[in-house]
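Under the numbering used here, think of the first position of the sequence shown as 1, with each following residue one higher. Encoded as structure tokens, the structure appears first; notes follow it.
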Amino acid sequence: MSRFALSRKEEEAIVALCKTEALRACEADVANFSACAQGRTVSVAWSCREQFRAMQACMKPHMSEEKIDAAKRRFFQEGGLPKPAPSASTTPS
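Spelled out as structure tokens, the structure:
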């Protein structure tokens, strides 16, 4: 395999890592949507519309093609899966 080609598994792992970082960055909006959706099924579509839009608006820049491409470049530069960005809420041990 070319050193500049990603396997499907590697690409999926990179996208999953980007999604995890986006969820971490948008934690408040995700929590608001989750709280609204709690105990709902079909009604979540209209009852939580604003919370969903806020969550999507927050996550969209973190899941852009540019961000994913940057993560892929880091993969090649670092020779493996990119490390997740440290969370502001985690404290060093």
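Beta carbons are placed, not taken as given, at the ideal position from N, Cα and C, and that holds for glycine. The structure presented is a predicted model; accordingly, all values stated were derived computationally and were not measured.
Around the Cβ of PHE33, a 10 Å sphere holds 16 or more other Cβ atoms; the residue is buried.
At the C-beta level, ALA45 and ASP29 stay beyond 8 Å of one another. In terms of Cβ geometry, MET63 and CYS18 form a close pair [threshold 8 Å]. In the three-state reduction of the DSSP assignment, VAL42 falls in the coil class.
With respect to CYS36, SER47 sits close: the two C-beta atoms are nearer than 8 Å.
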